[in-house]
Amino acid sequence: MSVVEQIKSVAREALGSLYPDATIPASAVTVNQTKPEFEGDYTLVLFPFLKILRQKPDAIGTAIGDYLKEHTDYVTNYSIVAGFLNLTISDKFWADFLQNNFVNTDYGTQSSTGKNVMVEYSSPNTNKPLHFGHLRNIFLGYAMSSVLEVTGNNVIKSNLINDRGIHICKSMIAWQKFANGATPESTGIKGDHFVGDYYVKFNDAFKQEVEDMVAKGAEKEVAEKEAPILLAAQEMLRKWEAGDEEIVSLWETMNGWVYDGFDVSYKRMGVDFNKMYYESDTYLLGKEVVQEGLDKNVFLQKEDGSIWIDLQDEGLDQKILQRKDGTSVYITQDIGTAIKKYEDCDLDTSIYVIGDEQNYHMQVLKLILQKLKHPCADGIYHLSYGMVELPTGKMKSREGTVVDADDMMDEMIAIAKQQTEEAGKTDGFTEEELKALYETIGLGALKFYLLRVDPKKKMIFDPKESIDLHGFTATFIQYAHARICSILRKEKIAQIPDAASFSNFNLATELTEAEKKLIVSLEQYPDVMQNAADDYNPSLLCNYTFQLAQHFNSFYDAHSISKAENDEKKQLRLMIIIMTAQVMRHAMGTLGISLPNKM
RNA sequence: GGACCGGUAGCUCAGCUGGAUAGAGCAUCUGCCUUCUAAGCAGACGGUCAUAGGUUCGAAUCCUAUCCGGUUCACCA
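Numbering follows the numbering used here, in which position 508 of the first sequence is assigned residue number 511; successive positions increment by one, without gaps.
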């Protein structure tokens with residue numbers, strides 16, 4: 004249990020014992036970190052008690068302060084300033100905490116909750132390569148999965164691939180018409196980009212056909228519906244659904260090219276999946292459920308045979324679930340897939356990492372399943388995130404304004420290389436090591452940039468301004484980590500040494516401000532991790548780790564480690580930096596960001 | 001029009017389960033490398049927390065209204 008929780012708990016106990024007649028709600032006990040301008044480490048706010056107890060703050064504060072001093076071995080002193088009870092925690096407590104945890108590589112990892120949690124993320128279309136917006140989804144999904152795993156859940160990472168539909172047929176038609184049998188192998192183009200190029204070619208051809216038809220006197224609206232290439236794509240989709248062998252075979256081939264390309268990108272991003280779902284397998288699911296719902300009168304059928312759900316009681320509209328011709332719509336297959344996931348993996352929670360433009364859709368999905376009283380309903384959580392936009396507005400693949408994900412990764416690695424060379428920090432590395440280092444720095448910066456903002460906020464990325472490697476960045480944290488490793492190398496100490504090597508440590512002198520700040524921050528880490536899980540917000544880990552690195556840099560500047568004043572200080576500081584580096588690796592590793600030992 | 005989300009320093013963002021004088025980074029300016037990595041540190045400058053009411057001992061935080069921006073409300077996926 005963290006110090007804050009311990010203080011709260013003893014404070015509640017104190018109130019109960021000192022004022023047995025009064026009932027004070029647990030929520031009234033708030034403990035904050037003491038503001039730097041006052042003496043103390045943590046502060047108990049006394050105002051909430053005044054009215055209930057009808058006493059002055061000084062009287063209550065003194066009583067609680069004395070109780071805490073007497074009943075704990077870590078509260079050594081207190082002072083009351085204008086209704087705030089400032090508590091001083093003993094240096095010995097902090098030193099003991101450090102000694103008990105500094106080699107614990109599981110520090111921050113919580114014990115098992117026994118819960119099965121699925122996180123669905125990435126979920127691409129197979130007609131074009133991934134772009135910058137997908138990166139936010141992918142990094143967020145991966146980070147969230149790890150956070151949930153670290154906080155004790157059994158996590159299944161899943162990817163629902165949108166491998167069917169008119170958009171794929173568009174790429175297929177264009178390939179038939181324009182490719183002359185070209186393949187990714189024959190052209191040397193990465194598979195997803197190769198197929199994406201034909202999607203663009205389709206749109207170019209479509210535009211041209213519409214123009215020609217309009218020039219010959221057709222209405223624009225009519226032309227947009229009747230352009231031959233579009234009709235061909237629609238015909239192809241019908242054939243695909245009918246199981247036409249030639250079409251299905253082409254579809255398999257082209258999807259295969261795309262998957263090969265995605266695999267390369269996913270690998271480079273450092274993300275993976277435990278379970279793949281394909282829409283071509285799942286798009287017919289849900290129909291049975293619709294029938295069941297109809298039988299149970301949860302849904303209603305209109306005269307034309309279409310099936311609907313009425314959500315007007317929930318403040319929403321009526322929503323269609325099945326067309327009059329009996330075919331399923333988007334939400335129908337999602338109902339089916341949600342149930343399938345639940346049954347496949349015995350899920351307690353099912354998280355969908357999907358952009359916020361689908362908030363309404365996800366709300367409807369959950370409501371429908373709740374109305375059906377399906378056990379999977381309550382576990383559904385939409386991890387909604389804001390779009391990544393360009394200064395000119397949204398990215399649109401058809402208008403060619405997308406920032407490609409692969410290009411972006413190349414770009415970041417190139418920046419890392421350039422800045423490392425400019426700073427003259429390439430000495431003592433082999434070519435191989437440098438290459439790995441640039442990847443670590445470049446991809447780390449990219450991931451951090453996308454993860455450091457609250458997911459629900461939309462973000463604007465200006466491709467003209469490269470992602471900074473100074474300030475609130477992964478690079479800052481990586482640099483602090485490399486500095487620690489450098490000290491440990493010189494001292495010939497392992498990153499995680501034998502705990503026994505400091506067993507004769509004994510705190511005799513006071514902790515300095517810089518030392519204490521770091522230890523206090525380290526103590527808070529498990530709470531931060533838990534908050535990130537509870538709030539579904541990995542950005543909390545970015546903020547925390549950045550602050551930890553800031554504290555380390557100040558500490559580094561203020562104190563010498565290898566030439567500390569005496570042996571006691573040296574041991575103390577070594578333990579501090581060992582644990583700091585350990586927590587940094589743990590936190591950033593959870594987000595999928597690795598920290599170099601040297602940079 | 002209804003629903004949902006956002007509006008905090010010139011820019012990008014923390015803080016939002018109410019607590020002390022609203023914090024970081026970038027940008028601008030001033031210092032600091034014969035001592036463990038200056039991708040760093042110390043400091044300066046910069047705020048009607050969109051606006052107006054309300055609740056409270058106390059409001060950036062909660063409530064109401066308004067303004068601005070975004071998303072969404074398809075027999076598309």
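By construction, the Cβ of each residue, glycine as well, lies at the ideal position given by its N, Cα and C atoms.
All values derive from a computational prediction rather than experimental measurement.
Exposed unless 16 or more other CB atoms sit within 10 angstroms - verdict on residue i
i      : result
Ser353 : buried
Met175 : buried
Gly606 : The chain is shown from 4 up to 602; residue 606 falls before or after that span and cannot be answered.
Ile463 : exposed
Ile580 : buried
Asp570 : exposed
Lys59  : exposed
Gly382 : buried
Pro39  : exposed
Lys460 : exposed
Asp195 : buried
Glu435 : exposed
CB of residue i within 8 Å of CB of residue j, strictly
i      : j      : result
Asp313 : Leu303 : yes
Ser331 : Lys290 : yes
Gly445 : Met398 : no
Met587 : Gln102 : no
Pro599 : Gln481 : yes
Pro132 : Gly199 : yes
Ala14  : Leu71  : yes
Leu510 : Ala62  : no
Tyr269 : Asp275 : yes
Val293 : Ile310 : yes
His484 : Tyr110 : no
Ala448 : Ala477 : yes
Asp337 : Pro394 : no
Ile171 : Asn130 : yes
Asn246 : Leu288 : Contrary to the premise, residue 246 reads as Gly rather than Asn in this sequence. Against a cut-off of 8 Å, the Cβ pair of Leu288 and Gly246 comes out as no contact.
Val106 : Pro500 : yes
Glu282 : Asp166 : yes
Phe555 : Leu594 : no
Ile357 : Ser387 : yes
Val84  : Phe41  : yes
Thr65  : Gln113 : no
Gly296 : Leu375 : yes
Asn162 : Met279 : yes
Beta-carbon proximity list for residue i, same chain, < 6 Å, skipping 5 on both sides
i      : result
Val34  : Val7, Ile10, Lys11, Tyr45 and Leu47
Tyr345 : Cys379
Ser148 : Val122, Val158 and Lys160
Ala419 : Tyr441, Ile444 and Gly445
Leu551 : Ser524
Ala584 : His484 and Ile487
Ala535 : Val150, Pro541, Leu543 and Leu544
Close-in-space but distant-in-sequence residues of the same chain around residue i (CB under 7 Å, 5 per side omitted)
i      : result
Lys118 : Asn156, Asn157, Asp351 and Thr352
Lys242 : Ile250
Gly136 : Met390, Val391 and Met398
Ala567 : Lys573 and Arg576
Arg271 : Met412
Phe87  : Thr46, Val48 and Leu49
Phe1   : The displayed coordinates of the chain run from 4 to 602. Any statement about residue 1 would go beyond what the structure contains.
Ala17  : Ile67, Tyr70 and Leu71
Thr75  : Val13
CA-to-CA distance, residue j to residue i, given in whole angstroms
i      : j      : result
Val78  : Ala408 : 52 Å
Ala426 : Ile596 : 22 Å
Glu222 : Leu234 : 17 Å
Asp537 : Ile470 : 29 Å
Gly19  : Leu56  : 12 Å
Met216 : Leu437 : 56 Å
Gly144 : Phe479 : 24 Å
Gln237 : Gly431 : 60 Å
Ile192 : Val267 : 12 Å
Leu151 : His377 : 24 Å
Sequence-distant residues of the same chain with beta carbon closer than 8 Å to residue i, five excluded per side
i      : result
Glu513 : Asp94
Thr423 : Thr429, Leu437, Leu440, Tyr441, Ile444 and Met602
Residue i beta carbon near the ligand ATP (any heavy atom closer than 7 Å)
i      : result
Ala182 : This structure lacks the ligand ATP; in fact it carries no ligand of any kind.
Answer yes if the segment 359 to 374 comes into contact with the segment 317 to 328, meaning at least three C-beta pairs across the two stretches below 8 Å, and no otherwise.
yes
For the segment 538 to 547 against the segment 122 to 131, are there 3 or more C-beta pairs whose distance is under 8 Å?
no
Stretch pair the segment 201 to 213 + the segment 168 to 185: three plus CB contacts closer than 8 Å
yes
Is it a yes or a no for the segment 548 to 568 touching the segment 483 to 496, going by three-plus beta-carbon pairs under 8 Å?
yes
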